[in-house]
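The sequence shown maps to residues 3 to 403 in the numbering used here. Glycine included, C-beta positions come from ideal geometry on N, C-alpha and C. One structure is given here, and the rest of the page talks about it.
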Amino acid sequence: MKIDPVELTKELISFKSITPRDDGAIEYIAAILKKSGFDCEILEFGDNGARVKNLYAKYVNGVPNLCFAGHVDVVQPGQLKDWTSDPFNPEVRDRMLYGRGAADMKSGVAAFVAAMVNLIAEKFQFSGSISALITGAEESMEEYGTKAVLEWMGNKQKKIDYCVVAEPTSSEKLGDTIKIGRRGSATFELICHGKQGHVAYPDLADNSIYKMVSILSKIKDTTLDNGNKYFQPSNCEITTIDVGNNADNIIPGSITAGFNIRYNNIQTPDGLYKLIDRICSSVTNDYKLSMHSGRDVFLSTPDRNTDIMLDAINKVTNIDAMLSTSGGTSDAAFIKDVCSVIEFGMISKTAHQVNECVLVSDIDKLTAIYKEFIKNYFYPTNKILNQINIVSNISEGPLLA
Numbered sequence: 003m004k005i006d007p008v009e010l011t012k013e014l015i016s017f018k019s020i021t022p023r024d025d026g027a028i029e030y031i032a033a034i035l036k037k038s039g040f041d042c043e044i045l046e047f048g049d050n051g052a053r054v055k056n057l058y059a060k061y062v063n064g065v066p067n068l069c070f071a072g073h074v075d076v077v078q079p080g081q082l083k084d085w086t087s088d089p090f091n092p093e094v095r096d097r098m099l100y101g102r103g104a105a106d107m108k109s110g111v112a113a114f115v116a117a118m119v120n121l122i123a124e125k126f127q128f129s130g131s132i133s134a135l136i137t138g139a140e141e142s143m144e145e146y147g148t149k150a151v152l153e154w155m156g157n158k159q160k161k162i163d164y165c166v167v168a169e170p171t172s173s174e175k176l177g178d179t180i181k182i183g184r185r186g187s188a189t190f191e192l193i194c195h196g197k198q199g200h201v202a203y204p205d206l207a208d209n210s211i212y213k214m215v216s217i218l219s220k221i222k223d224t225t226l227d228n229g230n231k232y233f234q235p236s237n238c239e240i241t242t243i244d245v246g247n248n249a250d251n252i253i254p255g256s257i258t259a260g261f262n263i264r265y266n267n268i269q270t271p272d273g274l275y276k277l278i279d280r281i282c283s284s285v286t287n288d289y290k291l292s293m294h295s296g297r298d299v300f301l302s303t304p305d306r307n308t309d310i311m312l313d314a315i316n317k318v319t320n321i322d323a324m325l326s327t328s329g330g331t332s333d334a335a336f337i338k339d340v341c342s343v344i345e346f347g348m349i350s351k352t353a354h355q356v357n358e359c360v361l362v363s364d365i366d367k368l369t370a371i372y373k374e375f376i377k378n379y380f381y382p383t384n385k386i387l388n389q390i391n392i393v394s395n396i397s398e399g400p401l402l403a
């Protein structure tokens, strides 16, 4: 049985899998993989409020185990009137496939499923295993998605040796960017307290706004670090400030602010919390600071497998991919705790946007790249084996491609 990755992408788009629902997409993929001889485990995690379906599928029980990871959940489509066509009714126009999840990342999932299934149909012989880890919760509720599957795998002593995450990493052309790392994310909430009063009698009140402004100014003026060879500097952005005050004659007694720090591998969440806490206490003692640490920073130092991906991309697209650590977070931040991981996939320009779309031809190209990677992972070419300097063209500055 061989799979057409474009048709599979269309099928996956038709599932209204708004996170954390998979709407049947997980079972659909599992059925395809079972027909090709994969051992499939559908895993549900969550609470009474929401249950998340995940899939771990493995072909042949050998070592090493090469895994492809991805998600079938998508973000809300927004206002349907803004879409040219139904976001869950895939449509091809002018060589572009439109639909929610076309870029992020149902085409990527379809490409690696097709690559694995088609290689098996072509009687590809190899020593080891290929597997797929597919979640229904990456856009939110990630604690019940890939993270929970990896914990289950650890308890079952199921090991992954290397992983490719099919996130849309390409920028302008398919193959121009590989992600070898991502910054971590730490979200803070700060509440400053004062004393409410009348604006005509400021001596009888304590304006909480001034405390907050001073603290936020100090945070913004603080250089967290200067980055390094792999990462740009850590950065803080204020996202919300709220006093809940609709009156123009009241001095507010409390104020709340939210801010997010995207941090590199120089920092840790605990270290950032202590730094922010010191800044707060230098202004006032009447405050409450809390932090939620999201996905952690990760870096997969370039190695032979990076070269194999670079070689596969060049063979299919004739493009020399750039290595990057820019952008948001992904489930690779969880996977890096069990094995080396890189991200490579479709062009990301329209991800999460109205009229999300991908070039139809890019889906076939991505499938070809994944097939080439799988073959050379198990049977490296002489070009790869003879390389002495692994990825020698890394720039001295941060990887911002």
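Distance check for residue j and residue i, CA to CA, integer angstroms please.
i, j, result
"SER292", "LYS385", "51 angstroms"
"PRO271", "GLY110", "31 angstroms"
"THR21", "LYS125", "36 angstroms"
"ASP75", "LEU192", "32 angstroms"
"ARG280", "ASP223", "14 angstroms"
"PHE114", "SER328", "23 angstroms"
"ARG297", "ALA202", "47 angstroms"
"THR383", "PHE300", "28 angstroms"
"PHE375", "LEU10", "20 angstroms"
"SER16", "ASN388", "45 angstroms"
"SER302", "SER142", "24 angstroms"
"PHE40", "PHE261", "44 angstroms"
"ALA139", "ALA249", "42 angstroms"
"SER1", "THR352", "Past the boundaries of the shown model lies residue 1; the chain is included only from 3 to 403, so the question cannot be answered."
"GLN73", "LYS276", "Note on residue identity: the sequence assigns His, not Gln, to residue 73. Taking the straight line from one Cα to the other gives about 34 angstroms."
"ASN267", "ILE31", "36 angstroms"
"VAL167", "ASP205", "59 angstroms"
"SER394", "ALA314", "Confidence in SER394 is poor, its pLDDT being 46 and thus under 50, which makes the residue's placement unreliable; the coordinate value appears in the next sentence. Approximately 17 angstroms between the Cα atoms of the pair."
"ILE28", "GLY103", "14 angstroms"
"ASP24", "ILE278", "39 angstroms"
"GLY147", "THR241", "27 angstroms"
"ARG95", "SER219", "49 angstroms"
"GLY51", "GLU153", "21 angstroms"
"PRO7", "TYR265", "36 angstroms"
"GLY48", "LYS231", "39 angstroms"
"ASN378", "ALA370", "12 angstroms"
"PHE346", "VAL215", "41 angstroms"
"ASN56", "SER133", "13 angstroms"
"SER367", "SER236", "The question names Ser, yet the displayed sequence has Lys at residue 367. Computed Cα separation, rounded: 35 angstroms."
"ASP208", "ASN247", "15 angstroms"
"GLU358", "GLY101", "6 angstroms"
Since I believe residue j is in contact with residue i (beta carbons under 8 angstroms), could you give me their beta-carbon distance rounded to a whole number of angstroms?
i, j, result
"CYS165", "CYS341", "6 angstroms"
"PRO254", "ILE211", "6 angstroms"
"LEU45", "TYR58", "7 angstroms"
"ILE180", "SER326", "7 angstroms"
Cα-Cα, which of the options is closest to residue i?
i, options, result
"MET107", "VAL77, GLN198 and ASP84", "VAL77"
"TRP85", "VAL356, GLU374, THR352 and SER284", "VAL356"
"LYS12", "VAL65, MET3 and MET98", "MET98"
"LEU361", "LYS175, VAL318 and TYR289", "LYS175"
"LEU135", "ARG264, ILE337 and ILE281", "ILE337"
"LEU121", "ILE310, ASN320, LYS4 and ALA259", "LYS4"
"GLU144", "VAL54, PRO304 and PHE17", "VAL54"
"ARG184", "SER19, SER332, ASP24 and LEU152", "SER332"
"ILE243", "ASN230, LYS231, GLY229 and ALA259", "ALA259"
"PRO66", "LYS160, LYS373 and THR189", "LYS160"
"ASP322", "ASP309, LYS158 and GLY48", "ASP309"
"SER470", "ASP49, ASN228 and ILE344", "Here the chain comprises residues numbered 3 to 403, so residue 470 is not present and cannot be evaluated."
"LYS18", "VAL62, CYS282, ASN91 and LYS36", "ASN91"
"ALA33", "ASP49, TYR381 and VAL119", "VAL119"
"ASP163", "LYS181, ASN157, THR189 and SER131", "SER131"
"THR137", "ILE365, TYR381 and ALA334", "ALA334"
"GLN269", "ILE252, THR286, SER284 and GLN234", "GLN234"
"TYR381", "GLU93, CYS194, SER133 and ASN307", "ASN307"
"GLY295", "GLY64, LEU274 and GLU169", "A small fix is needed here, since residue 295 is Ser in this sequence, not Gly. Nearest C-alpha to SER295: LEU274."
"TYR289", "LEU82, ILE257, ILE263 and GLY229", "ILE257"
"THR320", "LYS197, ASN251 and GLY177", "Looking at the sequence itself, residue 320 is Asn, so the reference to Thr does not match. Closest option to ASN320, Cα to Cα, is GLY177."
Residue i lies in the beta strand (DSSP E); which residues open and close that run?
i, result
"ARG97", "Per DSSP, ARG97 belongs to no beta strand (DSSP E) and is neither H nor E."
"ILE44", "41-48"
"ASN67", "67-73"
"THR286", "That residue, THR286, is in no beta strand (DSSP E); it is neither H nor E in DSSP."
"THR258", "256-265"
"TYR164", "164-167"
"VAL54", "53-61"
What residue range is occupied by the uninterrupted alpha helix (DSSP H) comprising residue i?
i, result
"GLU9", "7-16"
"LYS37", "27-37"
"LEU312", "306-319"
In the segment 323-393, which residue ranges form an unbroken alpha helix (DSSP H) of at least 4 residues, counting only runs that do not cross its ends?
-> Within the segment 323-393, the alpha helix (DSSP H) runs of at least 4 residues that lie entirely inside it are, in chain order, 334-337, 362-380 and 384-387.
Return the chain-ordered ranges of every beta strand (DSSP E) run that is complete within the segment 80-158 and spans a minimum of 3 residues.
-> Listed in chain order, the complete beta strand (DSSP E) runs (minimum 3 residues) inside the segment 80-158 are 93-95, 98-100 and 131-137.
Which full runs of the alpha helix (DSSP H) of 4+ residues lie inside the segment 210-252, going along the chain?
-> 210-223
Quick one: which unbroken beta strand (DSSP E) runs of 3-plus residues sit fully inside the segment 169-197? Chain order, please.
-> 179-181 and 186-195
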